[in-house]
Structure formats: structure tokens, C-alpha cells
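Heads up: take any position in the sequence shown, counting from 1, add 7, and you land on our numbering.
For every residue, glycine included, the Cβ atom is placed at its ideal position computed from N, Cα and C.
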Amino acid sequence: MNFDNRILKLKTKTWSRDSYGLFDFETNNYFAHNIDIRGPGLIYRDNNEIHFMSQTTAASFKPIKNSGVEPLATVALENGKRHYIQ
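What follows is the structure, given as C-alpha cells:
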């Protein structure tokens, strides 16, 4: 198997933060995102959207305070074969 072709598929749901940041499990008002990740990097939230940036770009990433952008997790590569989320 060629490990260079592996993709980590990330499915997320976010919500509007009008409920004190708590997730309302009864709501249908959420935003679904699907992201294909092919290498190490950073998963972050920008208001109601989830994004991924490569490790190279993430090295200089500094979110602006109160901008709605927050880092959520990093994706690392183990032995060049497996992705994992920290």
C-alpha cells in the first residue's frame, strides 16, 4: 500500500455562539464541514467554519485576539505512515 495517498477525512459540526458557547443538541442550526487532510498541519475554527492549514503555514500562524479564529487541534504524521490528531 502506498502511504503517500492516504487521506484523513474530517467531519465537523459547528454552531453559532449565541448560546454562551454551549452546543444545543436539539438544534438543527449548525454548520457541517468535510475536510480532506493529506499531511500535517493545524485545524482551526474561524467563527462558524472549520479550516485546515498545512504545517508550513501553521508555523507562522498567530490568531488575532477576539477575531473569532481559534486553533482547535494539530494533525501530525507518525513515522511517515499514519495521521493522528493531537
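In the DSSP output, what is residue i paired with across the bridge?
| i | result |
| --- | --- |
| Ala39 | Lys20 |
| Thr81 | Leu49 |
| Ile71 | In DSSP, Ile71 forms no bridge with anything. |
| Ile14 | Ile14 pairs with nothing; no bridge assigned. |
Return the residue from the list the options that minimises the CA-CA distance to residue i.
| i | options | result |
| --- | --- | --- |
| Leu17 | Ala66, Ala80, Asn36 and Ile44 | Ile44 |
| Asn55 | Ala39, Thr63 and Thr81 | Ala39 |
| Asn35 | Ala65, Pro78, Thr21 and Leu84 | Thr21 |
| Gln62 | Lys72, Phe32, Thr19 and Pro78 | Pro78 |
| Asn86 | Pro70, Gly46 and Phe32 | Gly46 |
Span of the alpha helix (DSSP H) holding residue i?
| i | result |
| --- | --- |
| Gln93 | Unbroken run through Gln93: none, as it is neither H nor E. |
DSSP three-state call for residue i: helix, strand or coil?
| i | result |
| --- | --- |
| Asn9 | With a pLDDT of only 46 at Asn9, under the threshold of 50, the placement of this residue in the model should not be trusted; the figure read from the coordinates follows. Here Asn9 sits in coil by DSSP. |
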